[in-house]
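With our numbering, the residue at position 543 of the sequence shown is 535, and numbering never jumps.
For every residue, glycine included, the Cβ atom is placed at its ideal position computed from N, Cα and C.
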Amino acid sequence: MTKPFEFIKGIFGDDIEKKEAQPLFCGFPDDPGSNKSWSAKAIENKTLPNVIKKENNNYFTPAVFCTDPEGKHRAKKDYFVAGHAIFIDDIGTKVKSSKIKMPLSWKIQTSPGNYQGGYILDIPCTDRKLFEAVINAMAEKKLTDPGSKGAARWMRMPLGRNTKEEYLVDGVAPKVKLVIWHPERRYSINQIIKAFGLKIDSNLLGSNDTSQSDKVLAALQNAGLWKSMLEAGKHDITCPWAEQHSKGVDHGTIYFEPNADNNLEGGFKCQHGHCSTRNISDLKAFLGITSEQPKKKLLEVALEFVDNIPAFCDENGDPFVFLNGSCHPVRSKEVKANISRKVYVSTRKPLRQNLLAESLAALESRAICDGEQIKLNLRIAQLGNHILYDLGDGRAVKTGKKKWTIVEAPPLFRRYKHQQVQVEPERGGDLWQLFDFLNIPKSQWLETIVMFISYLVPGIAHPIFHLYGPHGSAKSTLFKIVKSLIDPSSIKVMITPKSKQEVVRAINHHHMPHFDNMSKIDSELSDILCTACTGGGIPKRALYTDDDDHIFNFQSCIGINGINLVISKPDLLDRTMLLHVNRISKENRRLEKEVLNEFEAVKPEILGGMFDVLLKAMSIYPNVKLKELPRLADYATWGYAIAEALGEGKGNKFITAYQANVDRQLAEVMQHNSLCLAVTLLMEGRKKWTGTVQKAYVKLYNLVSPSKTDGTFPKDAKNLRKQLELIHATLAEAENISYRFSDRTNKGYSIAFVKKK
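Spelled out as structure tokens, the structure:
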């Protein structure tokens, strides 16, 4: 019994899984007549893809295809490489056996009394137009389904079931099985054309399947010297000088198709002594073929393509290229696929891995030695006096002081696979309609919309957006909408990563990382979030290299939501915009899908409205002079400009709202930080308190009785100074309390707390 993969290898070659160009497969249990998804899959890990199952309708393409620019295999004519078989449908029902003019290479029973058969081509046809012409001519002869024309059609695999409704018997689908299998039966495309009397354009017949584009191979066939294909690119032939061999022996002569090893000239080898000095030039001369200008080697062709690809290094010194409107690491799948595809299209020859490696090495060297160093950004970037926003499709929104326009994106943006293309913004949109979809109190609309617009401004520290409230307050939905509006991604919200490395990676890969349903932030995570908010670097050992460190530099727009306030460390809370939301009442609840769909419909208007405001704010910003600079001063200054762009006088309203947020921060720290609370209680009714550090620790401990898991209170007296340093600004601002440690005495260190009126 022939196994399915053996069947595929019999048609496409024993080493098909190693080839770049692949036959494609699809499988599904639904009725083929109603199934809308024919998703193409290539061979995986040297075996058929997992969609090929015994209970499925299973199909394969009789042609092989290369990958698209994203490295995905698609059964599309644009990615056609070669046809390996011609087929006949509905033998026994619509097609009588008398119409089968040549013995089939294989025959599959697709349903009782109904068969599908195929002819394996001795030499794959690399001319798509010719291959399609033969398939279409077979359809015109009513030998195949008239609706299944073109090079990218599908054929049944000898495995699975036929679930078409008309073939079900008592609800059971018939099995598909192989009844004839003769892979040694191979035919030239000309033999098939002649046998079935197909009408093919003469211009196509003069062009290029492999037997015709390779003039030597065509001439050998016409002279009756070609015997068979031993393997891809290697043919058993009769030696033209066989009569000179001892006893006229006719074997041991091989013709090699043009490839990189023979400089695309082809090769000739005969094992007999009389022909030991003969080569491809002698064979061509015998066949009357004049030598053409020597063809370029595949490496030369590849290097020509590589020389035209802009190359540079990113801020870490890693080599990149600018390709099809996007920046890619030199050794990425996208770059490899692009070079391989261009070489194949130019030469119709695959680029071997060693030649591809040399091409990439040349590109890498040029990037390192000759390329400039460019800082790559996520979504937003500064270019002179302009702000650029990456739409993700090779274009960017360019905003200056006078206008915003959509332009081709320069090589400034780093992109990851999860990122999605943004909609094209529309001018004059009403951005306030955003709040039709968000559960945010109207009293906080101004500070919230200002923060969202600020996410379009690069190079400043943006506050961490901490949303908290009970179950049913649509926190996750709010995050999904804001993420889609600013930084669309297939990852809408993220759960809290388990390790420091995962946190850093998540922040490094998103302009706006939003963490959903958080319940706790430990000290290490708090420090990372502080760095990511204000901007800084975190080293991480480069994978699969030596001990060199890569520095992850980022300045992200971070969002956190949870039922309760989860930020307790004052330094992180200082960088936070707090927003409490209430549970949505039963009568106001809606399906999330409906809300998201309605939002997506008006997103272009909202986004355009945001760019309209940003444009005005860029003109206002240089003249903003705040009387007092609060925390995150750059953000507050931009916030004033953005608010003023929303309407005259709104700048001061924003600053008032921003200060109210600072007051909420202080109140939260005082309420949730045990050491803060203890010091406040200690100084109630006092102007000063002095004692040893040990005495102070015991006194403070007894005032609040912290739990063992309370990270806001020091574990012992030795850590009191360290913990006080974290809250000294909060104590001073909220309660006018300061402290001072004295020099060491025989009683140890002392500490004095002072409270001013």
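- Annotated three-state conformation of Pro596 is helix, per DSSP.
- Membership of Ile301 in any alpha helix (DSSP H) is not indicated, and neither H nor E is assigned to it by DSSP.
- Setting aside the 5 residues that flank it on each side, Ser577 has no residue in the same chain whose C-beta is closer than 6 Å to its C-beta.
- Cβ contact annotation for Tyr51 (same chain, cutoff 8 Å, sequence separation greater than five): Phe17, Cys18, Gly19, Trp30, Trp146, Met147, Arg148 and Met149, in chain order.
- Bounds of the alpha helix (DSSP H) holding Ile3 are Pro(-4) to Phe4.
- Bridge partners of Arg178 according to DSSP: Ile112.
- Just measuring C-alpha positions, the residue of Ile520, Ile555 and Val671 sitting nearest Gly464 is Ile555.
- Within the model, the alpha-carbon separation for Ala349 versus Val298 is close to 12 Å.
- Apart from the 5 residues on each side of it in sequence, Asn128 sits with its Cβ closer than 7 Å to the Cβ of Lys141 in its chain, given in chain order.
- Going by DSSP, Arg148 is part of the beta strand (DSSP E) stretching over Met147 to Gly152.
- Per DSSP, the continuous beta strand (DSSP E) segment holding Lys226 begins and ends at Lys226 to Ile229.
- Arg497 carries a helical assignment under DSSP once its states are collapsed to helix, strand and coil.
- A Cβ-Cβ contact shorter than 8 Å links Ser481 with His502.
- Short of 7 Å from the beta carbon of Arg623, and not among the five residues preceding or following it, lie these beta carbons of its own chain, in chain order: Asp566 and Val654.
- Distance from the CA of Gly601 to the CA of Lys608, rounded to the nearest whole angstrom, comes to 11 Å.
- For Arg323, no beta strand (DSSP E) encloses it, and the DSSP letter there is neither H nor E.
- In the DSSP annotation of this structure, the continuous segment of the alpha helix (DSSP H) that includes Tyr632 starts and ends at Ala625 to Leu638.
- In the structure shown, the three-state DSSP call for Tyr247 is strand.
- Note that the C-beta distance between Val746 and Gly631 is not below 8 Å.
- Note on Val168: 16 or more other CB atoms within 10 angstroms of its CB, so buried under the neighbour-count rule.
- Close CB contacts of Leu151 within its chain, under the 6 Å cut and outside five residues either way in sequence, are with Pro(-4) and Asn50 (chain order).
- By the CB criterion at 8 Å, Val43 and Val56 fall outside the cutoff.
- Rounded to the nearest whole angstrom, the CA to CA distance from Asn509 to Ala143 is 50 Å.
- Counting along the chain, the unbroken beta strand (DSSP E) around His458 starts and ends at Ile456 to Tyr460.
- Leu222 carries a strand assignment under DSSP once its states are collapsed to helix, strand and coil.
- Ile127 carries a helical assignment under DSSP once its states are collapsed to helix, strand and coil.
- In this structure Ser734 touches Ser742 by the C-beta definition: roughly 4 Å separates them, less than 8 Å.
- Annotation: the continuous alpha helix (DSSP H) that includes Cys668 extends over Ser666 to Leu674.
- Annotated three-state conformation of Arg656 is helix, per DSSP.
- Looking at the backbone, the Cα of Leu557 and that of Ala744 are separated by about 32 Å.
- Under the 10 Å beta carbon count, Ile499 is surrounded by 16 or more other beta carbons and is classified as buried.
- The region 33 to 102 contains, as complete beta strand (DSSP E) runs of 3+ residues, the segments 49 to 57 and 72 to 83 (chain order).
- In its chain, beyond the 5 residues on either side, Leu122, Ala125, Val126, Ala129 and Ile185 have a beta carbon closer than 8 Å to the beta carbon of Ile192.
- Where Cys18 is concerned, the enclosing beta strand (DSSP E) starts and stops at Gln14 to Phe20.
- The Cβ-Cβ distance between Lys64 and Phe188 does not fall below 8 Å.
- The closest CA to that of Asn316, considering only Asn300, Cys305 and Glu494, is found on Asn300.
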